[in-house]
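Residue numbers (the numbering used here): 5 to 135.
Below is the structure:
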């Protein structure tokens, strides 16, 4: 792992995961089991993938939120919904995104995603959304 990748990882993780709700990122759990592998995963995901510029951080977070909502990954959706807001995703677009997944993942996934999203917004002091 190069110093450049370490720096990109730290910078990107700070943009995504510092601020908003209080939640430990999965990295903390990973490193309890295997610190070296946790660092490798973190550098790949956050330092290599998320720091690419073909998609913006906002676009990457929208994709992550849609995928996580569709597979009903509650904890990860909570983390990435907060990260999406941290990097400036439009709250109304996130709402629309969660309704959109109903076509592909069903209404129970929509309901669950909106419940998680409302919880994140409430914890951030941003609920209710402006009309």
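Glycine is no exception: its CB is placed at the ideal position from the N, C-alpha and C atoms. All values reported here derive from a predicted model rather than from experimental measurement.
Annotation for residue 69: the continuous alpha helix (DSSP H) segment containing it runs 61 to 74.
Closest by C-alpha distance to residue 40, out of 28, 5, 73 and 108, is 5. Taking a contact as a CB-CB distance under 8 Å, the pair residue 78 and residue 120 counts as one, their CB atoms being some 6 Å apart. Just so you know, the alpha carbons of residue 106 and residue 47 end up roughly 33 Å apart. Spanning the alpha carbons of residue 111 and residue 71 requires a straight line of approximately 15 Å.
For the 8 Å CB-CB criterion, residue 21 and residue 29 form a contact.
DSSP places residue 130 in the coil class of the three-state scheme, outside both helix and strand. Using a Cβ distance threshold of 8 Å, residue 128 and residue 98 do not count as a contacting pair. Ranked by how close their Cα comes to the Cα of residue 56, the residues 76, 25, 15 and 86 have 15 in first place. The beta carbon of residue 104 is closer than 8 Å to those of 70 in its chain, skipping five residues each way along the sequence. In the displayed model, residue 28 falls within coil according to three-state DSSP, outside both helix and strand.
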